[in-house]
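For the sequence shown, position 7 matches number -4 in this note's numbering, and the numbering has no gaps at all.
The beta carbon of each residue, even a glycine, is placed where N, CA and C say it ideally should be.
Some notes on the structure that comes next.
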Amino acid sequence: MTNEWLLFLQRELIVFFFVFLRCLLLFFLFPLFAGNFFPNKLKILISLVLALSLTPFLSGKVRVPNDLVALIPIFFSDFLLFFLISLFFRFLIAGLQLGGELVGLQMGFGISQTFDPSSGVSMPILAQFLYLVFILFFLSLDLHHHLLFFLVRSFSELPPGALVKESKIFSYLLKKSGLIFDIAVKVLAPLMVFMLLVNIVLAIIGRLLPQINILFVSFPLTLGLGLFFFGLVLFLLPRIFTTNLNQFSQFLQVLLRF
């Protein structure tokens, strides 16, 4: 009886370790939680509470290895799993930030920087604005709950150690890396065409009326018209964000299929 109890306790502790590991990797690697907004102690505490809550329900769904040496590839595969999820989400964020940076250059915000507390670096104002709007949109759709559902489903459909045996996911992720430029063009294209027309008009005015100081007039005019048209482009952002987040959800489903 004592040996059976010890074996049961050992198995439950290993299952708890697997669940706690994935919770910890989610909160330390995913961009929404990985920044400096959340202290590390809080991430560990939330991961611990989640692991304690989920372990009784996942006890029968997790395959326990026979020896402790097998834990090393399992740790590597779990780290790789959440690294890929975080990398794909960073593709979406980087595309928006690149588009915001290029839009800011067109409007004259090239030297204007703001501090990003999540990453600890400075970035252009419009890039930071698009990033914050995207995160708020992500939270408003309750997709952070979708991540937790994925975490629970991953133990039954993607058991610990399974991802390290598959290589197709890397080619899929490589194809999707072009999302950075695709998203940037979607954000930038309407405003870039508009600002190009504004610069052409200013060049024509400079030719026809050389007595006007175009350099003095162009900056406030470009900035004002750029902000006005950027406000119009904001109405397109929900559609762009929805498309991007649908691709993120599809990527999670692809991971579960592998």
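Cβ shell of residue i (< 6 Å), same chain only, five flanking positions each side left out
{"i": "E146", "result": "L245"}
{"i": "S207", "result": "L191"}
{"i": "L177", "result": "G88, L91 and V92"}
Residue of the options minimising C-alpha distance to residue i
{"i": "L137", "options": "S238, L87 and F77", "result": "S238"}
{"i": "L34", "options": "F46, L21, C12 and T44", "result": "C12"}
{"i": "F230", "options": "D171, F217 and I189", "result": "D171"}
{"i": "F46", "options": "L85, V58 and E1", "result": "E1"}
Buried or exposed by the 16-neighbour rule on C-beta atoms within 10 Å, applied to residue i
{"i": "N188", "result": "exposed"}
{"i": "G220", "result": "exposed"}
{"i": "G213", "result": "exposed"}
{"i": "G24", "result": "exposed"}
{"i": "V182", "result": "exposed"}
{"i": "Q(-1)", "result": "exposed"}
{"i": "D131", "result": "exposed"}
{"i": "S36", "result": "buried"}
{"i": "I82", "result": "buried"}
{"i": "K164", "result": "exposed"}
{"i": "L125", "result": "exposed"}
Where the alpha helix (DSSP H) containing residue i begins and where it ends
{"i": "Q95", "result": "L60 to M96"}
{"i": "P28", "result": "No alpha helix (DSSP H) holds P28; DSSP gives it neither H nor E."}
{"i": "Q200", "result": "It is not in any alpha helix (DSSP H) - Q200 carries neither H nor E in the DSSP assignment."}
{"i": "L128", "result": "I114 to S129"}
{"i": "S238", "result": "L226 to R246"}
{"i": "S143", "result": "L132 to E146"}
{"i": "P20", "result": "P20 to A23"}
Rounded straight-line distance, which links the Cα of residue j to that of residue i
{"i": "F72", "j": "R196", "result": "55 Å"}
{"i": "S75", "j": "L31", "result": "19 Å"}
{"i": "F118", "j": "R52", "result": "44 Å"}
{"i": "L10", "j": "F22", "result": "15 Å"}
{"i": "F19", "j": "P113", "result": "22 Å"}
{"i": "S160", "j": "R79", "result": "17 Å"}
{"i": "V8", "j": "F224", "result": "41 Å"}
{"i": "R228", "j": "L234", "result": "10 Å"}
{"i": "I193", "j": "L204", "result": "13 Å"}
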